[in-house]
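**Student:** If you use our numbering, the sequence shown closes out at 147, no skipped numbers anywhere.
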Amino acid sequence: MRGMSARRAYIDGNNNTYEIGDRLEYVPITPERSSSGSYSGGEPKSAALGAEQRARLISLLDQIAADTENLLDDRPKGSGTVIQGDQRAVCRGSSPLKQELETMLRGLLA
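(1) Between the Cα of Gln-90 and those of Ile-57, Arg-129, Lys-135, spot the shortest distance and give me the residue it belongs to.
(2) Decide yes or no for the touch test of the stretch 108-115 against the stretch 123-136: beta carbon pairs closer than 8 Å, at least 3 of them.
(3) Taking its Cβ as the centre, do 16 or more other Cβ atoms sit within 10 Å of Gln-121, making it buried, or is it exposed?
(4) Which parts of the stretch 43-128 are runs of the alpha helix (DSSP H), unbroken and 4 residues or longer, counting only runs that do not cross its ends?
(5) Contact check, Ala-84 vs Leu-61 under 8 Å by CB: the rounded distance?
Structure, rendered in structure tokens:
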């Protein structure tokens, strides 16, 4: 198992970042940082994570990073990026695991 201090995060297709630790931190993209100059990911959000929720999120990150059928070498719009420590994995926008992860992230922050 990796050290608990290693960064675990997910960046969605719009460049919004979800930091996964003891809490789930949503760091939205701002219009100034967006490629269009106008997109906003909304307001930052944070939610406490229970041990089971955190373990499920980490499991999904691991599965996405290992899903070679859906991994990409570059990062087109709409793709997702998994960050685990200093490792990055980019997955297709159509990846079922990506969609499952994003649904869970949105639910936890709702």
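For glycine and all other residues, C-beta sits at the position ideal for the given N, C-alpha and C.
**Tutor:** Let me spell this out:
(1) Ile-57
(2) yes
(3) buried
(4) 88-103
(5) 5 Å
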